[in-house]
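Novice:
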Amino acid sequence: MELNYYVALNKMAEANYANGGKIAVILEGRDGAGKSGTIRKLTKYLPPYTYRIEHSVKPTKTAMRSWLKHWSHKMPKAGEIVFYDRSHYSRALLQPIMGWCSKRSYDQFMRLVNTWEYQQGVTFVKLWLSISEAEQSTRLNNRQTDPLRYWKYSPNDPIALSKFDMLTLYKERVLTETSNWHILDYNDKQAGRLEALRILSEVK
Numbered sequence: 656m657e658l659n660y661y662v663a664l665n666k667m668a669e670a671n672y673a674n675g676g677k678i679a680v681i682l683e684g685r686d687g688a689g690k691s692g693t694i695r696k697l698t699k700y701l702p703p704y705t706y707r708i709e710h711s712v713k714p715t716k717t718a719m720r721s722w723l724k725h726w727s728h729k730m731p732k733a734g735e736i737v738f739y740d741r742s743h744y745s746r747a748l749l750q751p752i753m754g755w756c757s758k759r760s761y762d763q764f765m766r767l768v769n770t771w772e773y774q775q776g777v778t779f780v781k782l783w784l785s786i787s788e789a790e791q792s793t794r795l796n797n798r799q800t801d802p803l804r805y806w807k808y809s810p811n812d813p814i815a816l817s818k819f820d821m822l823t824l825y826k827e828r829v830l831t832e833t834s835n836w837h838i839l840d841y842n843d844k845q846a847g848r849l850e851a852l853r854i855l856s857e858v859k
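Residue numbering for the sequence shown follows my numbering, beginning at 656 and increasing consecutively.
1) Considering Cα atoms alone, identify which of Thr-693, Lys-677, Met-730 is closest to Arg-853.
2) Would you mind reading off the limits of the alpha helix (DSSP H) that contains Trp-726?
3) Going by the beta-carbon positions, is the gap between Val-777 and Phe-738 smaller than 8 Å?
4) With respect to the beta strand (DSSP E) encompassing Thr-778, which residues constitute its N-terminal and C-terminal limits?
5) On the three-state DSSP scale, how would you describe Arg-766?
6) Who pairs with Phe-738 in a beta bridge, going by DSSP?
7) Using only CA atoms, which one of Ser-760, Phe-779, Lys-699 lies nearest to Asn-665?
8) Terminal residues of the continuous alpha helix (DSSP H) containing Leu-664?
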């Protein structure tokens, strides 16, 4: 089954490249959900000229002031699939929880985002990687002692755990008021990644 999904995904990517399509694959979820690993899984066999990855990085002050304009420049070009390890939705999820943006900026984003996405001329595939509070706690705590992934541990990890319920409220608004979300059970990473692969392989 997995092999069939990869074959279908490669065919989709080649067709998208030939036809000049633009596909944005948004991966959002709590810290430790498995966004980076899922991108590695999804791109494992993709021809390198068909895609690129936008990694999660700390935004500049200029980006924070002109949020959607900043992300307009990160959208796919013709023939490209772009995978986003966090995305413009940080403005509606992480930033208000951590106090990194004002309520005005948050409200403005929520008011404009649907229209903005429509104007991009892009096919959005949005994946919410859902994990429980207990699973998040286990994964973030394990980061500290993992000899291969210790570098992923951040001082923000304990803060993320303490704000689990708050993020749930912001998440529910995003999933309710914006479109094209697939909610994946990522307590089982292997099953979640297979489902993500299936969803992407069926994009038209």
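In this text, a Cβ means the ideal position worked out from N, Cα and C, and glycines have one as well.
Treat the numbers as computed from the prediction; the structure is a model and nothing was measured.
Specialist: Let me spell this out:
1) Thr-693
2) 722–727
3) no
4) 778–785
5) helix
6) Val-680, Ile-708
7) Lys-699
8) 657–674
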